[in-house]
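>
Residue numbers (UniProt numbering): 1 to 100.
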């Protein structure tokens with residue numbers, strides 16, 4: 001299994017409706033692709049000071065399935081339309097489970 005974990009910090013002026021559209025689009029894309037084991041994204045719960053604003057946690061069957069998601073035209077379009085306009089900062093990583 002291959003994991004994809006991303007956290008975003010939004011610009012102060014980020015539009016909540018644009019954030020919702022980004023999240024909905026990402027969920028819809030993940031639901032349409034083969035090889036997606038699990039996909040979740042959402043707004044920080046505010047349980048810790050200093051956390052980022054939004055996160056994505058996804059699990060894919062293989063590196064190829066993860067790359068298909070990252071390279072998909074819908075993903076690229078969502079990033080260019082919403083994320084790049086809303087983002088103040090982003091951190092991410094991809095990793096494979098030791099036993100995969």
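The C-beta atom is built at its ideal place from N, Cα and C for all residues, glycine as well.
DSSP state of residue 48, grouped into three classes?
If DSSP states are grouped into helix, strand and coil, residue 48 belongs with coil.
> Applying the 10 Å Cβ sphere with the 16-neighbour rule, what's the burial state of residue 37?
Exposed, because fewer than 16 other Cβ atoms sit within 10 Å of the Cβ of residue 37.
> Check whether the Cβ atoms of residue 43 and residue 53 lie closer than 8 angstroms to each other.
Cβ atoms of residue 43 and residue 53: closer than 8 angstroms.
> Out of 98, 74, 79 and 35, state which residue places its alpha-carbon closest to the alpha-carbon of residue 6.
Ranking the options by Cα distance to residue 6, first place goes to 79.
> What did DSSP end up calling residue 3 once you bin it into helix, strand or coil?
The answer is strand: DSSP assigns residue 3 an E or B state.
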